[in-house]
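Following numbering that gives the first Met the number 0, the numbering of the sequence shown begins with 0 at its first residue and continues without gaps. The beta carbon of each residue, even a glycine, is placed where N, CA and C say it ideally should be. Taking it in order: structure first as structure tokens, then the write-up.
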Amino acid sequence: MTGTFAFADYAVFIIYALLILGVGLWVSRNKDGKEKSAEDYFLASKSLPWWAIGASLIAANISAEQFIGMSGSGFTLGLAIASYEWMAALTLIIVGKYFLPIFIEKGLYTIPEFVEQRYSTNLKTILAVFWIALYVFVNLASVLYLGSLALETIMGVPMVYGVMGLALFAVAYSLYGGLSAVSWTDVIQVVFLIIGGMVTTYLALNTVSGGEGMWAGLSAIMDAAPDKFAMILDKSNPEYDNLPGIGVLVGGMWVANLYYWGFNQYIIQRTLAAKSLKEAQNGILFAAILKIFLPLIVVIPGIAAYVMINDPAIMAGLGEAGQLNMPTSEQADKAYPWLLQFLPTGFKGLAFAALAAA
């Protein structure tokens, strides 16, 4: 394992960025000279197949914010943080079965539109302003911060320039192309994010096991940090306040999940762009299946990073590269970018580009 970002990695990074930009602009073009309608812009002309919907839902969810943040939570909390992912799978099925038919039957473009039909224009306006503020100052801010954190950790790009660059890159195709551009580039990104996650997980576990393979590495981290595999945190756990035991599973987490997957405009808009209700429901089912698998390639690397930095023999084997931008309990979000620097040359650039662009 090496920790340098070689010329090949930079080349792959640039090519990937150009590919995403090219695809986004290509699907955004006006066909036959027709002017885009609101349905074309906000609902991708209601043309998305189930697999694109499922992939886009996951890409929207596992952006840099989710991938880096949840891996960092794996570093501090352990596998218990995966409760959000596995409960989300069940929540998606509930949304697809009971909520989605209502939204599609009403021909909605946005969730505030549903609020207006059900309640009043004043409430719609209040919620629209609230949600826009939430997206700009919380969701978008965290995505840009964590994406630029990856740029800073791997490539040394200053945080300010990273934030500006990622924002301009996203605007370049999404503002013009609408949901169609976003959804089809999401499909590409989720494929590479998952591939990158699988390879990162394998290499991290293989390193922990001293080259004896992934399963030996999994056994090793379970032996080295058994507390990281507790699914229900005890009150004595210093991280209990962040994930308060079984109470969060039967209480607050349901509220958060039902809001996020059922009434979050950023998420539900993908399903409203389906060709039909059946396509939308199949897309949600596909996303639910992926959610069951995702903790294995998001949380496990964070736990592996925790074991690696606390093992002097492993750190000695990593050399000077292992000492750069090391994650700590105070800076746990550096765990995943730190692991990425040890990927093979070329693949490192691809996995990192997918993460930064997500």
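Review point. So, helix, strand or coil for A273, using DSSP?
Key: Note: A273 maps to strand in three-state DSSP.
Review point. Expressed to the nearest angstrom, what Euclidean distance is found between the alpha-carbon atoms of L92 and V249?
Key: For clarity, residue 92 is Ile in the given sequence; the question names Leu instead. Cα to Cα, I92 sits roughly 17 Å from V249.
Practice item. Would you check if the stretch 315-323 and the stretch 96-114 touch, i.e. whether three or more CB-CB distances between them fall below 8 Å? Key: Touching, no, given that fewer than three Cβ pairs across the two stretches are closer than 8 Å.
Practice item. Check L148 in the structure and name its three-state DSSP category. Key: helix
**Study point:** Euclidean distance between Cα positions of L276 and I103
**Key:** Answer to the nearest angstrom: the Cα atoms are 7 Å apart.
Point to revise | Residue span of the alpha helix (DSSP H) that contains M417, given as start and end | key: With the chain running from 0 to 357 in the structure shown, residue 417 is simply not present.
Exercise for review: Can you tell me the Cβ-Cβ gap for A224 and I302, rounded? I've got them flagged as a contact below 8 Å.
Suggested key: 6 Å
Check your understanding: Roughly how many angstroms lie between the CA atoms of A166 and I13, to the nearest whole one?
Key -> 16 Å
Check your understanding: Counting Cβ pairs closer than 8 Å, one from the stretch 60-73 and one from the stretch 322-341, do we hit at least three?
Key -> yes
Review point. Hey, quick one: how far does the alpha helix (DSSP H) through E112 stretch, first residue to last?
Key: I110 to R117
Review point. What does L47 pair with, by DSSP beta-bridge criteria?
Key: Partner(s): A273.
Review point. Is L245 buried or exposed, if buried means 16 or more other CB atoms sit within 10 Å of its CB?
Key: First, the residue type needs correcting, since residue 245 is Ile and not Leu in the sequence shown. Exposed, because fewer than 16 other Cβ atoms sit within 10 Å of the Cβ of I245.
Practice item. Let me know the secondary structure DSSP gives G2 once reduced to three states. Key: Note that G2 has pLDDT 49, beneath the 50 cutoff, so the model's placement of it is unreliable and the number below is only indicative. Correct three-state label for G2: coil.
**Study point:** Limits of the alpha helix (DSSP H) - the one that F98 falls within
**Key:** It is not in any alpha helix (DSSP H) - F98 carries neither H nor E in the DSSP assignment.
Review point. On the three-pair Cβ rule with 8 Å, is the stretch 81-88 touching the stretch 337-350?
Key: no
Check your understanding: Looking at D8 and the ligand PLP, is the gap between the Cβ and the nearest heavy atom below 7 Å?
Key -> Only the bare structure without any ligand can be found here, which leaves the ligand PLP out of the picture.
Exercise for review: Determine the burial state of G318: buried for a count of at least 16 other Cβ atoms within 10 Å of its Cβ, exposed for fewer.
Suggested key: exposed
Exercise for review: Label R117 either buried or exposed according to how many other C-beta atoms from any shown protein chain fall within 10 Å of its C-beta, with 16 as the threshold for buried.
Suggested key: With fewer than 16 Cβ atoms within 10 Å of its Cβ, R117 is classed as exposed.
Check your understanding: Nearest to Y239 by alpha carbon, out of V297, T75 and Y15?
Key -> T75
**Study point:** Element boundaries [alpha helix (DSSP H), containing G345]
**Key:** Counting along the chain, G345 falls outside any alpha helix (DSSP H), and DSSP gives it neither H nor E.
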